[in-house]
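Note that my numbering has the sequence shown beginning at 6, numbered continuously upward. Every residue, glycine too, gets a C-beta built ideally from N, C-alpha and C.
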Amino acid sequence: MKKIILILILWILTLSSCSKEETPELATKKDFYLDIKKAWELDNIAYLKKTWKIDSTQNIVLNSNANGRVKAINVKSGDNVSEWQVLAVLEDNLANYNLNLEVASNNLSATKNNLDMAKNNLEKAKLNYDSTKLKLDKSISDIERNLNNLELTDDTTSSSIELDKIENSINRLNIEYNNLQVSNNETLAWFTRSLDKELQVLSNYLDDVIYFSDEILWVSDLNKSKNDDYDKFLWVKNTSQKEETQRKLRELIDYRENTLNKTNVVINSEADYKTYIVLINDTYEKIIDFLNWFDSTLSNTTASIGSISEAQISAYKWTITTYKSLYNSYKSGFLSMSNWIYSFLETYKNTQSSLLKQIENLGKDKNIYLKSLNLNKDTSEATLNEAISNREITLKNLDLVIADAKTAIKDSEIRVRDSEISYRKALNEAEKLFIKSPISWIVWDILVDRWQEIFSWTPSFNILSEWSKEVTISFNKEELDFVNESMKVYYTENSKTFTWTIYSISKNADANLKYLAKVALPSDASAIWNILNLDIPIILDNKLIPVNAIKVSSLWVWTINYFSTWSTIEQLDLKVWNIYWDEIEVIWEIDNNLDIILNYVDNYDAEKFILKTK
């Protein structure tokens, strides 16, 4: 087709040139220069010209690590990004990563506060031990001094002084006991408030679980018909699974209405604390048992077009996973609080009893001292022995208080460690909301849009290296016949020519019926995305003549002009082999020393011009 079109064009040009009027004869002839080249000098290389851009051979596709909506895109195509730079941020609207992180952070803060409180209690217990020991030692010392000086002391003066000392000690211990009672009562009141708050959180959590589950399982009249489209698919793999899950949901709803919603935290005794702790713990277990059954039911659910999709099933299961995660966070915090309550209930009365015991012992000491005034030395020695015995008992009791405080610290340290693990896990999960570049490269393509809903492992960004480059050239079917692997490609820039090599050619056409060839470039070549004008040399078996040197005498007759040995312009018929853009390949049947005329000569007139060669 190309040949026919070119023939017609050349024929029309020839006919039009023949119709031109002849110019009048000039008084003198002018020079008519011929552009001549020997036949053997004509080139047999045609140049296929291509324009393409530079690409990178190294690229990384960055995927999303979480489900969600794209909240922000911080870069654009062509931007240089640094290592771990945030490229996009996802909206936390499904997995509740930020909520879980907040819960874990609050739980960590609570456990650290509990640890600090336990350490303070230990310091108080040690101070109380030292103070009590000092007082008891002083009391014994006083008794010993009185015993030694029993016969030498003024009974009236001495008894009054010593009695005042004992009474002052009793008064101080009574103040300490009252202060301890106030502190313990405040702690118990805080426990009551905490259990009430825990019950409220648990109730809201249970409401959320029931509301979400009822919309799918239609247990209540409110949501009875919401899943008619996919109800039959919820037990397709296990016919009894869904019915059991619905039964458990009904039990959960009844439990909420008849038990949990009617429960108010009213503490009248220590046993009430344990009752509410057991109630809350049982509620958590009922919830997690139902969630496990519900999760198993969804696993036995079959996706169906027009009813329930695989994405919808996955979204339901993901929501259940979120509720399970909340269960772990809430349950962990609740266990920390309940353990603290149990520990406090076991120790606080011992501390009060210890102070009461001290007061009692000092009361005994007072009575003993009063009696000692009227007793002999033997009686005073017995009093001393009793005081020493009371001292040992009191200090042993205080040692028990210190041991309990140390145990509370160890328990708190374990809870802090567990909370730190949960926090780090929640932090790592929350990091999934950020799509980051793992390396300092270039943003090649942004595969998502702002506010687009994406899923875990959705391709989001394509980044590439600027150090490994290549050019991809497309060829049509006809051009493909002239190129091959290892073929040289030339590029000229600023009068400097660069030579590169084709290293691969696709065997199959793409959607545009193009065949792609790749050319490797050095790292110091032009920048990525720059447009290159490439020359691909095609070596032919025959010579090439410019199109403008060819004359079409008729539709199928091709001729050229040559400069004869008689200095005249002559014509020679040619056999055309192929056409290459602005040149024609011919099969030579002439002398290679023939002088081929390359310029247009139809306007030459022997009477007006003198032929000359350039």
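Whether residue i touches residue j by CB criterion (8 Å)
i	j	result
Val488	Thr506	no
Leu552	Glu590	Reading the sequence as shown, one finds Val at residue 552 and not Leu. It is not a contact, given that the beta carbons lie outside the stated cut-off.
Ala554	Leu599	no
Thr399	Leu200	no
Asn344	Asp416	yes
Lys493	Pro542	yes
Ile574	Tyr609	yes
Leu550	Glu88	Sequence inspection shows Ile at residue 550; the Leu mentioned does not correspond to that position. Taking 8 Å as the Cβ cut-off, Ile550 and Glu88 do not qualify as a contacting pair.
Leu222	Leu254	yes
Ser359	Val406	yes
Arg44	Asp596	What sits at residue 44 in the sequence shown is Ala, not Arg. Against a cut-off of 8 Å, the Cβ pair of Asp596 and Ala44 comes out as a contact.
Ser424	Leu113	yes
Arg252	Ile215	no
Pro464	Val66	yes
Ala431	Asn105	yes
DSSP three-state assignment for residue i, whether helix, strand or coil
i	result
Trp449	strand
Asn85	strand
Glu490	coil
Trp505	strand
Glu612	coil
Phe460	coil
Gln576	strand
Ser245	coil
Asn263	helix
Leu539	strand
Asn604	coil
Arg252	helix
Val80	coil
Leu485	helix
Ser146	helix
Trp563	strand
Val94	strand
Val66	strand
Ser24	With a pLDDT of 43 at Ser24, under the threshold of 50, the modelled position of this residue cannot be trusted; read the value that follows with caution. Correct three-state label for Ser24: coil.
Ala109	helix
Ser479	strand
Thr288	helix
Val283	helix
C-alpha gap between residue i and residue j, whole angstroms
i	j	result
Lys54	Leu518	19 Å
Val206	Asp454	37 Å
Val241	Thr302	With a pLDDT of only 48 at Val241, under the threshold of 50, the placement of this residue in the model should not be trusted; the figure read from the coordinates follows. Between Val241 and Thr302, the C-alpha separation is close to 10 Å.
Lys556	Phe614	21 Å
Tyr332	Glu436	21 Å
Ser136	Ala387	25 Å
Leu579	Thr564	6 Å
Ala178	Glu172	Rather than Ala, the amino acid found at residue 178 in this sequence is Leu. Approximately 10 Å, taken between the alpha carbons.
Asp607	Gln576	12 Å
Val108	Ala413	23 Å
Thr197	Tyr278	8 Å
Tyr281	Ala115	20 Å
Leu403	Glu191	22 Å
Ala308	Ile459	20 Å
Glu434	Asn101	10 Å
Lys411	Leu340	19 Å
Asn72	Lys267	38 Å
Asn395	Asp213	59 Å
Selection from the options that minimises the alpha carbon distance to residue i
i	options	result
Ile440	Trp45, Glu386 and Asn70	Asn70
Arg74	Gly83, Ser82 and Val94	Val94
Gln357	Ile364, Tyr182, Asn390 and Arg177	Tyr182
Phe169	Asp212, Gly368, Trp45 and Phe299	Note that residue 169 is Asp in the sequence shown, not Phe. Of the listed residues, the one whose Cα sits closest to Asp169 is Gly368.
Thr264	Leu296, Val224, Lys279 and Leu211	Leu211
Trp456	Ser82, Ile41, Phe37 and Glu96	Glu96
Lys619	Lys34, Lys35, Ile41 and Thr33	Ile41
Thr326	Ile292, Ala514 and Ser341	Ile292
Glu167	Lys376, Glu128, Met342 and Ser509	Lys376
Ile364	Ala392, Ser225 and Tyr353	Ala392
Glu290	Trp571, Asn68, Leu257 and Ala130	Leu257
Ile584	Ile601, Ala522, Glu483 and Leu39	Glu483
Below-8 Å beta-carbon distance, residue i vs any chain B residue
i	result
Asn598	Here there is only one protein chain, and chain B is not present.
Any non-hydrogen atom of the ligand HEM within 7 Å of residue i CB
i	result
Tyr347	Absence of the ligand HEM from the depicted structure is noted, as is the absence of any ligand whatsoever, leaving it without description.
**Q.** Whole alpha helix (DSSP H) elements within the region 385 to 443, 4-residue minimum
**A.** none
Q: Go through the region 320 to 372 residue by residue and report every complete run of the beta strand (DSSP E) that reaches 3 residues or more, in order.
A: none
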